[in-house]
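J.:
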């Protein structure tokens with residue numbers, strides 16, 4: 008841990024040196040331009056009174072113009088730096104300095120062979136970070152026609168981004184199509200329909216496929232996109248179930264006759280699982296929660312290997328609605344395993360159950376006097392574990408940040424997952440007395456336990472750095488401000504240019520109000536600034552022949 012922290016501090020020190028070095032040469036460039044103008048004056052530079060004569064010729068208007076121009080330039084740099092930081096999350100000057108000046112100052116290229124020999128632990132950590140930046144299908148995604156489109160009709164806003172819908176189109180082509188679709192005319196039409204970008208073209212293609220035969224995927228598309236209510240969607244999914252079960256039974260008998268039949272059976276399995284899951288979600292949305300729980304349990308027993316759909320997260324939400332906390336704990340005992348991928352639903356549901364045991368009697372004042380009991384300590388540790396996994400969730404649960412409709416895809420540990428979790432589970436936290444109060448009192452303590460810089464985690468792998476970029480693609484940034492963790496501090500050069508702009512603007516104002524006094528200060532400052540240079544020039548003049556120095560001053 009100490010080595011990693013030392014490496015992080017060393018990198019920050021190198022970056023700071025690069026920034027200062029770049030700024031030094033920038034200032035030196037303008038000073039040299041200023042000196043060139045001085046050397047072009049008709050008097051000899053080796054005269055000891057030359058600088059004072061030059062300074063005496065400057066009027067207060069010159070100082071006002073000089074400081075005003077400096078303030079203007081600094082302000083423009085500040086505005087550009089702030090815009091660049093808001094858009095790309097980094098300083099432009101810092102990025103240019105690190106990219107172009109660090110190699111000149113002896114920095115190490117990340118692509119060099121010396122850095123390619125990493126330890127097994129670091130390689131595993133990097134692989135885990137890459138897997139955590141994978142975009143997953145939202146297990147509780149809403150219906151486009153009955154929910155997303157209704158939101159658009161009411162507000163005029165598009166809740167889904169193009170990137171999110173494009174991922175859904177890819178999912179549909181993966182789950183609902185196979186190479187043998189050309190053998191069945193309806194499936195061939197649907198294969199083209201899933202690739203259509205225009206929703207009306209997809210719906211028309213689905214109706215065309217249904218004119219040929221009962222096509223399960225056509226019913227799925229209509230239920231998802233054309234149905235304007237959950238009741239209509241459920242009716243279409245029931246028709247899809249009837250057609251999908253027939254296809255599944257036929258392909259099940261032929262699956263061992265060749266790879267083509269095996270692929271067709273795999274497709275029919277995906278279609279059947281999808282239909283049954285969406286029917287269970289319809290029952291949940293229509294208030295038939297016990298029926299939904301039974302359907303989900305049967306589905307998980309019938310297809311135990313299809314964990315890609317994360318049906319257990321739907322089951323957890325329904326069990327919480329029934330306040331069946333014993334069954335929730337049983338599901339968590341099975342899926343909250345160290346070898347299985349985590350999610351915000353798993354971590355925060357575990358924290359909710361631990362908090363439920365103590366939250367109704369929890370008081371921060373009493374806890375500070377007597378200390379935390381064992382049960383309270385377990386609840387706090389569970390909250391810290393959940394917050395470390397996804398630090399964006401508490402602000403939504405505590406209603407410190409407004410919720411939007413969840414996207415169809417989420418990024419684990421990202422803002423998109425936090426929105427999807429809080430959208431469905433906020434009501435369950437409110438139902439447990441004192442749970443949100445306990446969360447409010449303890450969640451920020453997580454960040455004191457996580458090492459900084461975030462090169463290592465406490466209970467999980469280090470927080471991935473790719474979440475902000477992916478969340479900006481998944482979430483509608485037009486009306487939603489993406490939550491960023493860790494909170495980015497303002498770069499050094501934004502603060503520096505802000506100070507420089509303020510300082511030069513103040514000088515310009517003082518020079519305009521008190522020209523004579525500021526002129527005296529400016530002359531004294533410039534005289535002091537050029538004193539070392541005059542000393543050096545006198546030494547050089549005493550060493551070099553006078554004829555040579557005379558020729559140099561005339562150039």
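Residue numbers (our numbering): 8 to 562. C-beta atoms are modelled at their ideal positions from N, C-alpha and C, and glycine is treated no differently. Since we're looking at a predicted model, the values are computed, not measured.
In angstroms, rounded to a whole number, what distance separates the CA positions of residue 173 and residue 202?
T.: In a straight line, the C-alpha of residue 173 is about 9 Å away from that of residue 202.
J.: Does the ligand MG have even one heavy atom less than 7 Å from the beta-carbon of residue 254?
T.: Among the ligands in the structure shown, none appear at all, so the ligand MG cannot be discussed.
J.: Ordered along the chain, which non-local residues of its own chain (more than five positions away) have a Cβ less than 8 Å from that of residue 293?
T.: For residue 293, where only same-chain residues beyond five positions count, the Cβ hits under 8 Å are 237, 238 and 241.
J.: List the endpoints of the continuous alpha helix (DSSP H) containing residue 237.
T.: Unbroken alpha helix (DSSP H) run through residue 237: 237-261.
J.: Considering Cα atoms alone, identify which of 440, 488 and 274 is closest to residue 368.
T.: It is 440 whose Cα lies nearest to the Cα of residue 368.
J.: Using a 10 Å radius around the Cβ and a threshold of 16 neighbouring Cβ atoms, would you call residue 490 buried or exposed?
T.: Buried is the call here.
J.: For residue 2, count neighbouring Cβ atoms within 10 angstroms of its own Cβ and tell me buried if that reaches 16, exposed if not.
T.: Outside the displayed range of the chain (8 to 562) lies residue 2, so it cannot be described from this structure.
J.: So, at 8 Å on beta carbons, what are the nonlocal neighbours of residue 570 in its own chain, with the 5 sequence-adjacent residues on each side left out?
T.: Examination of residue 570 is not possible in this model, given that the chain is present from 8 through 562 alone.
J.: Let me know the secondary structure DSSP gives residue 132 once reduced to three states.
T.: Low local confidence applies: a pLDDT of 45 at residue 132 is under 50, so the model's placement there is unreliable, with the coordinate-based value given in what follows. Reduced to three states, the DSSP call for residue 132 is helix.
J.: Answer yes if the stretch 323-343 comes into contact with the stretch 393-403, meaning at least three C-beta pairs across the two stretches below 8 Å, and no otherwise.
T.: The stretch 393-403, when compared against the stretch 323-343, does not touch it at the 8 Å Cβ threshold.
J.: Considering only residues of the same chain and omitting the five flanking positions on each side of residue 361, which have a CB-CB separation below 6 Å?
T.: Cβ within range, chain order: 385, 386 and 389.
J.: So what does DSSP say about residue 549, is it helix, strand or coil?
T.: The answer is helix: DSSP assigns residue 549 an H, G or I state.
J.: Could you have a look at residue 485 and say whether DSSP puts it in helix, strand or coil?
T.: In the structure shown, residue 485 sits in coil (DSSP, three-state: anything other than H, G, I, E or B).
J.: Are there three or more Cβ pairs, one per stretch, closer than 8 Å when the stretch 265-272 is compared with the stretch 303-316?
T.: These segments do not touch.
J.: With 16 other CB atoms within 10 Å as the buried threshold, where does residue 563 fall?
T.: Shown here, the chain extends from 8 to 562; a query on residue 563 therefore has no answer.
J.: Since residue 151 contacts residue 231 with CB under 8 Å, what's their CB separation in whole angstroms?
T.: So it is a contact: roughly 5 Å between Cβ atoms.
J.: Taking residue 436 as part of the alpha helix (DSSP H), name the residues at either end of that continuous run.
T.: Its alpha helix (DSSP H) spans residues 422-438.
J.: With distances taken from CA atoms, which of 473, 405 and 406 is nearest residue 141?
T.: Here the closest residue by C-alpha is 473.
J.: Taking only the alpha-carbon atoms, compute the straight-line gap between residue 524 and residue 506 and give it to the nearest angstrom.
T.: The alpha-carbon atoms of residue 524 and residue 506 are separated by roughly 23 Å.
J.: Pick out whichever of 320, 331 and 376 has its Cα sitting closest to the Cα of residue 307.
T.: That would be 320, whose Cα lies nearest to the Cα of residue 307.
J.: So, do the stretch 220-229 and the stretch 242-256 have three or more beta carbon pairs nearer to each other than 8 Å?
T.: In short, these stretches touch, since the Cβ pair count reaches three.
J.: If contacts are defined as beta-carbon pairs under 8 Å, then residue 228 and residue 234 qualify, I think. What distance do you get, rounded to the angstrom?
T.: Between residue 234 and residue 228 the Cβ distance is about 10 Å, and since that is not below 8 Å, they are no contact.
J.: Quick one: grab the DSSP three-state call for residue 80.
T.: DSSP places residue 80 in helix when its eight states are reduced to three.
J.: Please confirm if the stretch 327-340 is in contact with the stretch 442-451, defined as three or more CB-CB distances below 8 Å between the two stretches.
T.: The stretch 327-340 is not in contact with the stretch 442-451.
J.: Evaluate contact between the stretch 186-203 and the stretch 415-428, counting only Cβ atoms and requiring at least three cross-stretch pairs below 8 Å.
T.: Contact fails: fewer than three Cβ-Cβ distances are below 8 Å.
J.: Please report how far the alpha carbon of residue 309 lies from the alpha carbon of residue 209, in whole angstroms.
T.: Whole-angstrom Cα-Cα distance: 31 Å.
J.: Just reading off the alpha helix (DSSP H) that residue 300 is part of, what are its end residues?
T.: Note, residue 300: alpha helix (DSSP H), 296-309.
J.: So residue 481 and residue 171 are supposed to be a Cβ contact under 8 Å. How far apart are they, rounded?
T.: Contact flag correct, Cβ pair sits at about 5 Å.
J.: By a C-beta neighbour count over all protein chains shown, 10 Å radius and 16 as the cutoff for buried, is residue 180 buried or exposed?
T.: Exposed.
J.: I need the straight-line Cα distance from residue 89 to residue 527, nearest angstrom please.
T.: Cα to Cα, residue 89 sits roughly 36 Å from residue 527.
J.: How far does the beta strand (DSSP E) with residue 339 in it extend, from its first residue to its last?
T.: That residue, residue 339, is in no beta strand (DSSP E); its alpha helix (DSSP H) goes 332-342.
J.: Which of helix, strand or coil does DSSP assign to residue 142?
T.: If DSSP states are grouped into helix, strand and coil, residue 142 belongs with the strands.
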